[in-house]
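These notes are about the structure you will find just below.
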Amino acid sequence: MSTEIQDDWLDQKLQEAAPYIEDDGFTVRVLRQLGQPERQVEFLRSFILVAMSALASALTYVLSDGGRFILVEMFRLTTIPTVWVVAFALASGMLVMAGGIFAAMYKTHQIQS
Amino acid sequence: MELTDADLIARVLADDDQHAFGELVRRHQSSVRGLLRQLTRNDMQLADDLAQDAFVRAYKNIRSFRGEAKFSTWLYRIAYNCFRENARKRKELVGINEEQWQAEQDPHTIDPGLRHDLMHALSLLPLHERSAVLLCCQNGLSHQEASRVLDIPLGTVKTNVLRGREKLKKTLSAWAT
Numbered sequence: 517m518s519t520e521i522q523d524d525w526l527d528q529k530l531q532e533a534a535p536y537i538e539d540d541g542f543t544v545r546v547l548r549q550l551g552q553p554e555r556q557v558e559f560l561r562s563f564i565l566v567a568m569s570a571l572a573s574a575l576t577y578v579l580s581d582g583g584r585f586i587l588v589e590m591f592r593l594t595t596i597p598t599v600w601v602v603a604f605a606l607a608s609g610m611l612v613m614a615g616g617i618f619a620a621m622y623k624t625h626q627i628q629s
Numbered sequence: 029m030e031l032t033d034a035d036l037i038a039r040v041l042a043d044d045d046q047h048a049f050g051e052l053v054r055r056h057q058s059s060v061r062g063l064l065r066q067l068t069r070n071d072m073q074l075a076d077d078l079a080q081d082a083f084v085r086a087y088k089n090i091r092s093f094r095g096e097a098k099f100s101t102w103l104y105r106i107a108y109n110c111f112r113e114n115a116r117k118r119k120e121l122v123g124i125n126e127e128q129w130q131a132e133q134d135p136h137t138i139d140p141g142l143r144h145d146l147m148h149a150l151s152l153l154p155l156h157e158r159s160a161v162l163l164c165c166q167n168g169l170s171h172q173e174a175s176r177v178l179d180i181p182l183g184t185v186k187t188n189v190l191r192g193r194e195k196l197k198k199t200l201s202a203w204a205t
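Chains A and B, in that order, are what the protein sequence lines are. Residues 517 to 629 (the numbering used here) make up the first sequence, in order. Residues 29 to 205 (the numbering used here) make up the second sequence, in order.
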């Protein structure tokens, strides 16, 4: 070897000086910290939401005298002029479309970045 | 046939498969823990805590891994960020546990005296040069990859590697005979 240290020699010695570190339970400790898989959490979340909605619906039905208010509202809807119904439907459609376009633009921007 | 890192990542993304992620941890734990041990000047407990934190963060943010870089490069970046945050909190890093370090070495691969001098010389380098030398010279990352991990310009990485190497060569000049 020449008296000057070469880059390759130095890199080789640096690599040799870094031994393989045995796992020794490291992976198990990491996995323990991960918690429940996301799917299980999502399922639990959905279950709670559905159960709470069902309970709320049942309570509303009982407290509203068998859902009488729905019949009253339905009757009131039939008395609304047709023009108003068309305008309401148009406005709702436009609102949903705007939401969709906004979501698509946001997603596109996210993918591009 | 052994699954590639990309296959395992796909399983984690599709099924939230923790076994697949465990395999990724098993594959990369040595290099990540090794890098952190060097960065923390061989504080093994701290290095392992940071490595655990890094892998947990990697799992939680795996959807942000877009596959442009190697998975190991992405992991190094997370590990380096964990180290930097911790170093900022602690303000100072703990000393070298030389005895424990020596006990872990394989005596057949490198002269123990040379290793001791090399590790000592490495620990004397300033953090920015040590990080660059460890990533590029020891872990085989390209300058470009190291620049991503350290979040510094490519030219700075090259300069840091060059300066770090020169200092190591100077300190180890006695071994060049």
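For each residue, glycine too, the CB sits at the ideal point set by N, CA and C.
Nearest to residue 157(B) by alpha-carbon distance, out of 168(B), 170(B), 194(B) and 145(B), is 194(B).
Straight through space, the alpha carbons of residue 93(B) and residue 546(A) are spaced by roughly 19 Å. Counting along the chain, the unbroken alpha helix (DSSP H) around residue 594(A) starts and ends at 584–594.
Between the beta-carbon of residue 83(B) and that of residue 53(B) there is about 5 Å, and that keeps the pair under the 8 Å contact cut. Secondary structure in the segment 522–559 of chain A: the alpha helix (DSSP H) runs of 4 residues or longer, each lying completely within the stretch, are 523–532 and 542–550 in chain order. Along the segment 190–201 of chain B, the positions whose C-beta sits under 8 Å from a C-beta of chain A are 193, 196, 197, 200 and 201, read in chain order.
Where residue 187(B) is concerned, the enclosing alpha helix (DSSP H) starts and stops at 182–199. Residue 189(B) is positioned such that its CB atom lies no closer than 7 Å to that of residue 105(B). By the Cβ-count criterion, residue 59(B) is buried, with 16 or more other Cβ atoms from all chains shown falling within 10 Å of its own Cβ.
Look at the segment 533–555 of chain A: the residues with a C-beta under 7 Å from a C-beta of chain B are 533, 534, 535, 536, 537, 539, 542, 543, 545, 546, 547, 549, 550, 553, 554 and 555. From the beta-carbon of residue 531(A), the residues of chain B found nearer than 7 Å are 166.
Interface annotation, residue 118(B): not in contact with chain A, CB-CB separation never under 7 Å. In this chain, the alpha helix (DSSP H) harbouring residue 51(B) covers 46–67. Taking a Cβ-Cβ cut-off of 9 Å, the neighbours of residue 143(B) in chain A comprise 529, 532 and 533, given in sequence order.
Of all alpha-carbon atoms in 108(B), 44(B), 62(B) and 153(B), the one lying nearest the alpha-carbon of residue 174(B) is that of 108(B).
Taking 8 Å as the Cβ-Cβ cut-off, the segment 69–95 of chain B approaches chain A at 76, 79, 80, 83, 84 and 87, given in chain order. Assignment of residue 98(B) by DSSP, reduced to helix, strand and coil, places it in the coil class.
Against chain A, a Cβ distance below 8 Å from residue 54(B) picks out 539 and 543.
Using a Cβ-Cβ cut-off of 7 Å, residue 586(A) does not count as an interface residue toward chain B, since no Cβ of chain B sits closer than that to its own. If the five residues before and after residue 49(B) are omitted, its C-beta is found closer than 6 Å to the C-beta atoms of 40 and 87, all from its own chain and listed in chain order.
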